[in-house]
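In what follows, a single structure is set out as structure tokens and then discussed.
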Amino acid sequence: MGANSAEIRRTTSKRTPADRWDHFLARWGVNRLGHRVEPGLYALGAPTPDSPVFVTANYTLSFDALRSALDGVSAYILVLDTEGVNVWCAAGKGTFGTDELVRRIDLSALGRVVSHRRLILPQLGAPGVSAHEVQPRSGFRVEYGPVRAADLPAYLATGKATPEMRQVTFWLRDRAVLIPVELRHVFLPTVVAASVLYFTAGALAAWGAVAAVLAGVVAFPILLPWLPTRDFSTKGFILGALVALPFARAMARHGAGLWFGIASAGALALVMIPVTSFLALNFTGSTPFTSRTGVRWEIYRYVQVMAAMALSGIMLAVIVLVISLIRG
Amino acid sequence: MAIRAAVNTLEYNVALCVNCGRCSEACPHGVFAPGSDAAELVRPEACMECGACQQNCPTGAITVDSGVGCAYAMIMAALKRSSDCGCGPKSSCCS
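Protein chains in written order, with this note's numbering: chain G, 795 to 1122; chain L, 15 to 109.
Following this line, the structure appears as structure tokens:
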């Protein structure tokens, strides 16, 4: 600490191939909390005591988004220790917060490096920071910049964030980048479940399970705004039903005898639909707009329905299996 | 179709507002807008309970039961009978 912490590291606006590889791994959730930048003060370009100071988290994707948006700008970047977590999630936890900000200003001796007393924070850091407490405790005045680092040049030019810059968005691109990490979460359980199904209920059921999972973690994030209804669970029920339909139809034709076919098809659909819906409900944690009250409401309202559907589907499947064994 | 009892827990006491503008600066969903005498609550239904406005309101005019709207975290917390978790090292859940 001490002398070491007060040193100013240098950085650039360039993204090297090594940075891009690091971003790729981070998007796939490899070494989830290992994508870190050393906390402390950084000099970008050739800053003077009058240059602006930007604050960010010590997650490579956050730090790199900031520095590459500031191409051609000379500035200081103060990196807080958020334990390798992005600004928004760290602010929710409070690690991107008033205490760490005040501490880091002190440790980096920022007051001696710059002559002004103004900090530009990412707007999404606001849930963790009390601007009116930072000023009396550090002497620095907090200014919230735009939500997206890409808007910083425009913000610096006018000194103002427009209402558009203040609004968080969740476009297709923002949703699509989350798919790899979602896939990684479900990979192992899906392979296990599909293998078990393959040997007990057949290939069709195994592929049905894979399709239900992919619908929940790949198709759902992509289709989110276009699926009808507001609740994530009901959006998931609709998507799950659409995906289950062709599998159920194939299953019905597959079965020996009309009632047998219908029962097998029903069992498959009753399991597939809640799987997709549950994964859809879980996607709430990845969006920047679901409230805790709203999600709690959804859990109380729909999780029991999902469990009941899956359970009755499994029971029906067992009955079908037993009967088919008896019949030989 | 059932009607949702409460969309969120956001409460705003306009009498305490000193019109500093911080809430409209901090809110990522345009819930508050700058007014002539006091901040205006323009889109209460868009609130996601992130807590940014409350954190940055110097007079306590805004209260919200803030937390992470993450189903996985809440289900896990319910199963473990602990309080809701957030994102990050100790309770990695959200992306």
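Here a beta-carbon is modelled for each residue, glycine too, at the ideal position from N, C-alpha and C.
Can you tell me which of the three DSSP states E894 (chain G) falls into? helix
Under 8 Å from the C-beta of I89 (chain L): neighbouring residues of chain G: I1093, V1097
With a cut-off of 8 Å on the beta carbons, I'd call V847 (chain G) and V908 (chain G) a contact; round off their distance for me. 6 Å
By a C-beta neighbour count over all protein chains shown, 10 Å radius and 16 as the cutoff for buried, is V849 (chain G) buried or exposed? buried
Interface partners of V28 (chain L) on chain G, CB under 8 Å: Going along chain G, no residue has its Cβ under 8 Å from V28 (chain L), so there is no contact; the nearest lies around 19 Å.
Can you confirm whether H1048 (chain G), when its beta carbon is compared against all beta carbons of chain L, has any partner nearer than 8 Å? no
Would you say V56 (chain L) faces chain G, with C-beta separation under 8 Å as the test? no
For chain G, check one thing: does any of its Cβ atoms lie closer than 8 Å to the Cβ of V45 (chain L)? no
Does the separation of the CB atoms of N70 (chain L) and A920 (chain G) fall below 8 Å? yes
Check the Cβ of G81 (chain L) against every Cβ in chain G and list those closer than 7 Å, keeping chain order. R1086
Can you name the residues of chain L whose CB is closer than 9 Å to the CB of F1083 (chain G)? P42, H43, A60, M62, G83
Going by DSSP, what residue range makes up the beta strand (DSSP E) through F848 (chain G)? 847-851
Within the segment 975-1061 of chain G, note down every full alpha helix (DSSP H) run reaching 4 residues or more, in order along the chain. 997-1008, 1014-1017, 1026-1048
With 8 Å as the threshold, decide whether the Cβ of G74 (chain L) is near any Cβ in chain G. no
Whole-angstrom distance between R897 (chain G) and T73 (chain L), CA atom to CA atom: 24 Å
Looking at C-alpha atoms only, which residue of G:G996, G:V1089, G:M1100, G:H910 is the closest neighbour of A1035 (chain G)? G:M1100
Segment contact flag, the segment 1108-1117 of chain G with the segment 27-37 of chain L, C-beta cutoff 8 Å, min 3 pairs: no
Spatial distance of D813 (chain G) from L977 (chain G) (CA atoms): 22 Å
Under 7 Å from the C-beta of V907 (chain G): neighbouring residues of chain L: Those do not exist, as V907 (chain G) stays about 26 Å from chain L at its closest Cβ, beyond 7 Å.
For the pair the segment 1069-1089 of chain G and the segment 956-965 of chain G, tell me if three or more CB-CB distances fall below 8 Å. yes
With a 10 Å radius around its C-beta and 16 neighbouring C-beta atoms as the bar for buried, classify I973 (chain G) as buried or exposed. buried
Does the beta-carbon of V873 (chain G) have 16 or more other beta-carbons within 10 angstroms, so that it is buried, or is it exposed? buried
Return helix, strand or coil for T1070 (chain G), following the three-state DSSP convention. helix
Relative to the C-alpha of V1112 (chain G), which candidate in G:T876, G:A995, G:H829 has its C-alpha closest? G:A995
With C-beta atoms as the reference, is P916 (chain G) less than 8 Å away from G886 (chain G)? no
If you measure between the beta carbons of A1171 (chain G) and L991 (chain G), is that distance less than 8 Å? Because chain G is modelled from 795 through 1122, residue 1171 (chain G) falls outside the range shown and cannot be assessed.
Confirm, please, whether the CB-CB distance from M1103 (chain G) to I1056 (chain G) is below 8 Å. no
At the level of alpha carbons, what is the spacing between M62 (chain L) and C41 (chain L)? 10 Å
For chain L, is any of its Cβ atoms less than 8 Å away from the one on A925 (chain G)? yes
Collapsed DSSP secondary structure at K104 (chain L) in the structure displayed: At K104 (chain L), the pLDDT of 42 sits below 50, so the modelled position is not reliable and the matter cannot be decided from this model.
Through-space distance from A999 (chain G) to A92 (chain L), alpha-carbon basis: 31 Å
Measuring only the C-alpha atoms, how far is C37 (chain L) from G933 (chain G)? 21 Å
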